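Chemist: Structure incoming, see below.
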Amino acid sequence: MKIKLDRTLCDGFGKCAVHAPTVFSLDEWGYASLERGLSADNDLPPELEQPALRALLDCPVHAIIERP
Amino acid sequence: MLALTTGAHPAVRPRLIRGQGGWEDRAAYEAAGGYQPGLAGADLIDAVAASGLRGRGGAAFPVARKLGAVAARAGEKVVLVNGEEGEPASVKDRWLLRARPHLVIDGALRAARAIGAGTVYFYVSDAAAAASLGTALAELPARLADLRVFQVEPGYVAGEETAAVNAINGRPAKPSEKPPRPFEEGIGRLPTLVSNAESVACLPGIAAGLPADTFLLTLGGAISRPGLYEVPFGIPVGEVTEVLGGLAGPPRGYVMGGYFAGLLNARGHGLPLDHDTLKGAGSGLGCGAITVLGPDDCPVGVAALLLAYFGRENAGQCGSCFNGTAAMAGVALALARGEAGPAQVRRLEHWCGFLPGRGACATLDGAVNVAATLLREFPAQVEAHLTAAGPGDACPACAATDFLTTDRPFASDPESITPHVEAAL
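Quick note, the sequences are listed as chains D and F, same order.
Residue 11 in the numbering used here sits at position 11 of the first sequence, with consecutive numbering throughout.
Residue 1164 in the numbering used here sits at position 164 of the second sequence, with consecutive numbering throughout.
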């Protein structure tokens, strides 16, 4: 599973970091990026897929997108 | 405004800078060897790879890899020649498009044929560049390809490759999150080659078997001959400031790569103008613009001006960027005014480690480069501003700087280029 976080859409709700704190890192203003070492070009480690999916489904602005 | 000189380093047989002034029409370009057959298709892409040509817009991505990636896609493709030139200190793309549009068009046609594209967009913000392209295109026979000029409002982020694609697709000229990258999905959702105007202008020479070992250097700031110079890769920074800029000895420092690579102290004098060496030294060549800092330029004040620019000119999209650039600009301004303490400088250090890569485009990284290089290259000046007794004891250069209305520090103005190449080098 590949996911992309569109930071132009992120509004800093922070739900992603609650569900998947090792996938998403928040800055001090609450805006998310993928943790270092993760990329939209590569598959997530299998153990992170479920938390990442929870984050995807819960993002209020749909900034997390599953990639083909 | 000082007139900008155009010229070439004495060791260079110029291919980009033209030896006579004025607008180069089709007849003059053809008389100089333009629009001739040469290497084409896969042979041209191989020759570009062998030449080592890297993108001249700032990121220095290998041009042959971009050409190959778009060429490998099936179906219809598009070329976007990027002449927007958002870096205020750089003037090369606007000069090329204003003075030598046929060189850029020739290169664009070769790129389009090599990757199988039928449509070419020339993406510019400079009205004079757009007019020059329009006149040049009217000199060409119809049906060479679908050649269009697209003019956009100028802006730092407008030249980012996805911003350019978005603008042509009818959206605001702001960057998108990647992927997809334009080579996968660009104009009209088609695979799109986005290439800087100077990169494209190197292709006719490569097609004729010439090397691409020179680049256009915009040299500005505290020198007697600011200008646009064609120079060989690898010569020391000090050689261009002395031989071309007319400066004796090392200056106080530099702003490198437009604004993007940030500040560099006097050690830059001995560093070669080469992407990898400068990157290894914690700096960068970027789009090839270097601003020389003189005795009246305080590095702290310069960083404050540049960070304020990033705070204003970012796309306002990614939270880490619009917050981070504003926060760093705030600390730099407080420092310049003698109002910052060690805790604020520690926060600046923290942001320099934490914020890189947290935007959809590289604008935030450019701002971090400015802050990080200020701290690394000029620690004594930072320290001196910290220990200022207060606003009244501030640095004289900073006290004389108008931080509120200096909106494009060290900007190069294409209007100020003298119409004739000076031979005084």
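The C-beta atom is built at its ideal place from N, Cα and C for all residues, glycine as well.
Just so you know, these numbers come straight off a predicted model, no measurement behind them.
#1: Less than 7 Å between C-beta atoms, sequence neighbours within five positions excluded: which residues of the same chain meet that for F/Asp1213?
#2: What whole-angstrom Cβ distance do F/Val1070 and F/Leu1193 have, given they're in contact under 8 Å?
#3: Please report the straight-line C-alpha distance between F/Pro1439 and F/Arg1094, rounded to a whole angstrom.
#4: Start and end of the alpha helix (DSSP H) containing F/Gln1344?
#5: Measure from the C-beta of D/Ser39 to each C-beta in chain F and report whether the shortest distance is under 7 Å.
#6: Using a Cβ-Cβ cutoff of 8 Å, what residues of the stretch 1352-1366 of chain F are near chain D? List them in chain order.
#7: Quick check: is the beta carbon of D/Gly14 nearer than 7 Å to any beta carbon in chain F?
#8: Quick check on D/Arg67: does DSSP put it in helix, strand or coil?
#9: Tell whether a beta-carbon distance below 7 Å holds between F/Pro1182 and F/Val1165.
#10: Given that F/Gly1319 touches chain D, what residues does it touch there, using C-beta distances under 9 Å?
#11: Taking only three categories from DSSP, how would you classify F/Asn1323?
#12: Taking F/Arg1098 as the reference, which of F/Gly1258, F/Trp1023, F/Ile1187, F/Val1370 has the closest Cα?
#13: Can you check whether the CB of F/Gly1311 is closer than 7 Å to the CB of F/Trp1351?
#14: Determine, using beta-carbon pairs with one atom in the stretch 1115-1135 of chain F and one in the stretch 1278-1288 of chain F, whether at least three such pairs fall under 8 Å.
#15: Which class does F/Asn1169 belong to by DSSP, given the choice of helix, strand or coil?
#16: Quick check: what's the CA-CA separation for F/Tyr1309 versus F/Ala1040?
#17: Return the chain-ordered ranges of every beta strand (DSSP E) run that is complete within the stretch 1171-1250 of chain F and spans a minimum of 3 residues.
#18: Since F/Glu1177 meets chain D, which of its residues come closer than 7 Å, beta carbon to beta carbon?
#19: So the candidates are F/Glu1139, F/Pro1101, F/Ile1115, F/Gly1116; which of them puts its Cα closest to the Cα of F/Phe1122?
#20: Hey, could you find the ends of the beta strand (DSSP E) F/Gly1152 is sitting in?
#21: Tell me where the beta strand (DSSP E) around F/Leu1264 begins and ends.
#22: Could you name the residues that DSSP lists as bridge partners for F/Asp1146?
#23: Where F/Leu1404 and F/Tyr1229 are concerned, what is the direct C-alpha to C-alpha distance, given to the nearest angstrom?
#24: Consult DSSP for F/Phe1410 and reduce its assignment to one of helix, strand or coil.
#25: Does the CB of F/Glu1422 have a neighbour CB from chain D at under 7 Å?
#26: Could you compute how far the alpha carbon of F/Ala1362 sits from the alpha carbon of D/Leu34?
#27: Is D/Lys4 helix, strand or coil when you go by DSSP?
#28: F/Glu1160: which of F/Glu1177, F/Pro1414, F/Asp1413, F/Thr1005 sits nearest, CA to CA?
#29: Suppose the cutoff is 6 Å on Cβ atoms and the five residues either side in sequence are ignored; what does the same chain contact list for F/Ala1047 look like?
#30: Taking the beta strand (DSSP E) that F/Leu1293 falls in, what are its first and last residues?
#31: Consult DSSP for F/Ala1008 and reduce its assignment to one of helix, strand or coil.
#32: Of the choices F/Ala1327, F/Gly1353, F/Glu1415, F/Ala1360, whose alpha-carbon is the least far from that of D/Ala63?
#33: Reducing DSSP to helix, strand and coil, say where F/Val1078 ends up.
Modeler: Well, looking at it:
#1: Pro1232, Phe1233
#2: 4 Å
#3: For residue 1439 of chain F there is no data in the structure shown, the boundaries of chain F being 1001 and 1425.
#4: 1342-1354
#5: no
#6: Correct list: Phe1354, Leu1355, Gly1357, Arg1358, Gly1359, Ala1360.
#7: no
#8: strand
#9: Against a cut-off of 7 Å, the Cβ pair of F/Val1165 and F/Pro1182 comes out as a contact.
#10: For a Cβ distance threshold of 9 Å, residue set Arg7, Cys10, Asp11, Gly12, Asp27, Trp29, Gly30, Tyr31, Ala32 of chain D lies close to F/Gly1319, ordered along the chain.
#11: helix
#12: Residue nearest to F/Arg1098 within the set F/Gly1258, F/Trp1023, F/Ile1187, F/Val1370 is F/Trp1023 (criterion: CA-CA distance).
#13: no
#14: Judged by Cβ distances under 8 Å, the stretch 1115-1135 of chain F makes no contact with the stretch 1278-1288 of chain F, as fewer than three pairs qualify.
#15: Coil, per DSSP.
#16: One C-alpha to the other measures close to 42 Å.
#17: 1192-1196, 1214-1221, 1227-1232
#18: Lys4, Asp6, Arg7, Thr8
#19: F/Pro1101
#20: Correcting the residue type first, residue 1152 of chain F is Val in the shown sequence and not Gly. Element bounds for F/Val1152: n/a, residue is neither H nor E.
#21: 1262-1265
#22: F/Thr1119
#23: One alpha carbon belongs to F/Leu1404, the other to F/Tyr1229, and they sit about 32 Å apart.
#24: Three-state DSSP puts F/Phe1410 in coil, outside helix and strand.
#25: With a pLDDT of 42 at F/Glu1422, under the threshold of 50, the predicted position of this residue should be treated as unreliable, and no value is reported.
#26: If you draw a straight line from the Cα of F/Ala1362 to the Cα of D/Leu34, it is about 16 Å long.
#27: Annotated three-state conformation of D/Lys4 is strand, per DSSP.
#28: Put simply, of F/Glu1177, F/Pro1414, F/Asp1413, F/Thr1005 the residue whose alpha carbon is nearest the alpha carbon of F/Glu1160 is F/Glu1177.
#29: Leu1039, Ile1206
#30: Note, F/Leu1293: beta strand (DSSP E), 1289-1293.
#31: strand
#32: F/Ala1360
#33: strand
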